[in-house]
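Residue numbers (the numbering used here): 462 to 1318.
Accompanying notes for the structure given below.
So this is what it looks like as structure tokens:
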């Protein structure tokens, strides 16, 4: 440390001549980057009993790690600015802070980019990582660079495979044939969460179609209740929007599972409904045309019905789920030549196939109650099926609503049951409970819960991902790869055709795919698919604790000492996918005994987007603001201050509305205060109490307020307060206190410490000029002196008829009566009142006196 200190002193002395001429961000960056490289101020030891003890409080701050699709962009600049502010803040509060970085480096974008350029995905990916790392170094987030990870390293994805095997052993990883979302451009399957609201792929933008394939799944539905109920504990720590999105995605519905008998079929068909009380109104059944049940029933139908069904199924498979679910579409369908039996009244009801029912909802079949469901009613009217009212719904005046069969409008409101046998006269809640009892008594149904959530489909038919560690025998047998044989590494891409073709390129890597059992001589084949990259990111926060450990995925002792994540920061676009999967995997690892906690992220900060002229930045739109260009033109500090000052983190930032130049000018003013103090030889020491009293009060008010503002994510307010403090300090200097005043030094030190959250270079340079060794980022914040927070005077605004007419400086102990008297005595107020009559006076000490008047009589 001493040697570095001497070098810094020499460097600062050499730079004084140039620094005196003005703030030079490039010189300051060049000065401090090599010092930080040598000091490694943010490295944290997480191994060993001492590091895991409670000697100092710990904070684990994590940013959602980037995808290396190119250099960093403005969205990265914003996200990593906010996360770094919080990491630096907690260090200043006396915590050991772990703030790591890595790259989410597997996935389709890298593979597609590599195919387009005719290069190895590894070459493309790691070149981009090197570029991003270089940009990060200049941008100066306070990362622990000793524990970097890349998910495409075998040393990382080996543990993806270990996790898969643990899931497989627990029965949570399984393989089945089912209808899946198929991206026709990227030629791979997608999880439900990767299909956008308009039915297109979030990756390629192509319209997603359905395809039947045998795929690997994680049984996330086994955890649906815990994933939903445990959200309650995150209230106030996660954005309400994210909590609601997760609740809606899990989509728990309570009701009953009703067993319908279909004539000629031995096995009954279970149908889930939230309204078992309306069973007497079920006049037909509808099954999804792409369900196994529809195919089975069609097979037993007449030749004419089979032909109609084949044509209808082909048409259905060309539609997106969004199209199928649209309420505005005309209903279509085919009769399957079968009848079901209503279990409550024995009525024979026809079975139809229609595309408005989805194969993965419940069991792919619904009971249709047309009088009280609009889609069922539209279908019934189209195909002339019976409509029976079983709920007497009334309007606000108590009059019955029109018959849906005549009006074409289903009555879905509250009411009492009619035409429903023993349920007649019961209101909805009582009728549902009684209907469930009746079903259970008769053995034709039971209370049930269903979810919108579906099991997590993890197979991908692409090369650049984690190979699935399963071996297949020609007799259909499967077996997991031995744990000591991990990792199953990807073969070299040379010689493989990586272009999307509907089957994984790994299937063509014959030498890699073929495994001969040394004991039996049997030949096995490796599973050709790779894992969804959301598996990689579902547990990466644990690997950071043991990123260089070749013996285990993570050290449970270290993880339990540091986890869960105290502060997570990243985009709201991951509100469902990544966060839900991480929560699931964390709960699984908890149940397996590895973790003492079962929620990964205690607090969550989502940032908005960085726009240009109101639109999302893109090269095609010609409105791209390049991170590298802004960094080169204005420096890291000005860029970071601009992003922090632009508004609340969750709001979008329009780059057209901000001023990086203004931020640079502020930084120059702050920096000059330390430069002036250094030039005046103002001493460090304990004589602060002798300085300018007004400036000292301002300094300690800032020290008192800043922690609460940072913890509330009000970074823009903290920057504004720093700007005020710089102005107040300069005013104190210029008004006679002088740079040698102890209060000026105290203010300069406070500015440097708090400014280090946003502008690490300027703050470090200020700290050196003030005579301290690096790094200011490791300095514990000074505490506010409570005695200086007591105001001797207050400023009260005086309004007359809503307009500000004066500002009065009054004693802090002023009474309402004295404040009103002072306001009435103000010459400015008297002029504003003139000859008008005062009709009301409202006094709110210590803020305002409001006087209302009217014309004199």
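In this text, a Cβ means the ideal position worked out from N, Cα and C, and glycines have one as well.
Under a three-way DSSP split, which group does residue i fall into?
i: residue 1234; result: coil
i: residue 563; result: strand
i: residue 503; result: coil
i: residue 595; result: helix
i: residue 442; result: Summary: the structure shown does not reach residue 442, with the chain confined to residues 462 through 1318, and so no result is reported for it.
i: residue 1221; result: helix
i: residue 960; result: coil
i: residue 473; result: Model confidence at residue 473 stands at a pLDDT of 42, short of 50, so the residue's coordinates are unreliable; what they give is reported in the following sentence. Of the three classes helix, strand and coil, the one that applies to residue 473 here is helix, per DSSP.
i: residue 1138; result: helix
i: residue 1180; result: helix
i: residue 1101; result: helix
i: residue 828; result: strand
i: residue 648; result: coil
i: residue 720; result: strand
i: residue 622; result: helix
i: residue 1116; result: helix
i: residue 1186; result: helix
i: residue 511; result: Low confidence applies here, because residue 511 scores a pLDDT of 48, under 50, leaving its location unreliable; read the following figure in that light. Residue state, collapsed to three classes: helix.
i: residue 971; result: helix
i: residue 931; result: strand
i: residue 1009; result: coil
Starting from residue i, follow the alpha helix (DSSP H) in both directions and report where the run begins and ends.
i: residue 728; result: Segment: none, residue 728 is in no alpha helix (DSSP H) and carries neither H nor E.
i: residue 1039; result: 1038 to 1052
i: residue 551; result: 535 to 553
i: residue 709; result: 701 to 711
i: residue 1205; result: 1203 to 1216
How long is the line joining the alpha carbons of residue i and residue j, rounded to whole angstroms?
i: residue 860; j: residue 523; result: 60 Å
i: residue 560; j: residue 521; result: 6 Å
i: residue 822; j: residue 1043; result: 24 Å
i: residue 737; j: residue 814; result: 22 Å
i: residue 511; j: residue 519; result: Summary for residue 511: the model assigns pLDDT 48, below 50, so the residue's position carries little reliability, and this model does not support an answer.
i: residue 1238; j: residue 953; result: 44 Å
i: residue 713; j: residue 912; result: 4 Å
i: residue 1037; j: residue 1258; result: 48 Å
i: residue 642; j: residue 926; result: 19 Å
i: residue 546; j: residue 1219; result: 6 Å
i: residue 1073; j: residue 1085; result: 7 Å
i: residue 1264; j: residue 1290; result: 10 Å
i: residue 1190; j: residue 1135; result: 11 Å
i: residue 470; j: residue 1206; result: With a pLDDT of 44 at residue 470, under the threshold of 50, the modelled position of that residue is not reliable, and no figure is offered here.
i: residue 828; j: residue 1013; result: 51 Å
i: residue 607; j: residue 595; result: 15 Å
i: residue 1255; j: residue 1159; result: 13 Å
i: residue 1016; j: residue 623; result: 14 Å
i: residue 798; j: residue 683; result: 36 Å
i: residue 889; j: residue 880; result: 14 Å
i: residue 883; j: residue 896; result: 9 Å
i: residue 492; j: residue 599; result: 12 Å
i: residue 529; j: residue 1200; result: 48 Å
i: residue 1315; j: residue 1270; result: 27 Å
i: residue 784; j: residue 794; result: 15 Å
Where do the ends of the beta strand (DSSP E) carrying residue i lie?
i: residue 876; result: 876 to 878
i: residue 1030; result: 1028 to 1032
i: residue 1304; result: 1298 to 1305
i: residue 746; result: 745 to 748
i: residue 1254; result: 1254 to 1261
i: residue 1312; result: 1309 to 1315
i: residue 521; result: 519 to 524
For a test of your reading of the model: does the CB of residue i fall under 6 Å from any non-hydrogen atom of the ligand NAP? Yes or no.
i: residue 668; result: The ligand NAP is absent from the structure shown, which contains no ligands of any kind.
Answer yes or no: do residue i and residue j have a C-beta to C-beta separation smaller than 7 Å?
i: residue 1168; j: residue 601; result: no
i: residue 1249; j: residue 507; result: no
i: residue 851; j: residue 862; result: no
i: residue 647; j: residue 503; result: no
How many whole angstroms separate the CB atoms of residue i and residue j, which I take to be in contact at a CB cut-off of 8 Å?
i: residue 1001; j: residue 959; result: Rounded, the Cβ-Cβ distance is 25 Å, inconsistent with contact.
i: residue 540; j: residue 1068; result: 5 Å
i: residue 1142; j: residue 1204; result: About 16 Å separates the two Cβ atoms, so there is no contact after all.
i: residue 777; j: residue 750; result: 5 Å
i: residue 537; j: residue 1088; result: 7 Å
i: residue 918; j: residue 676; result: 6 Å
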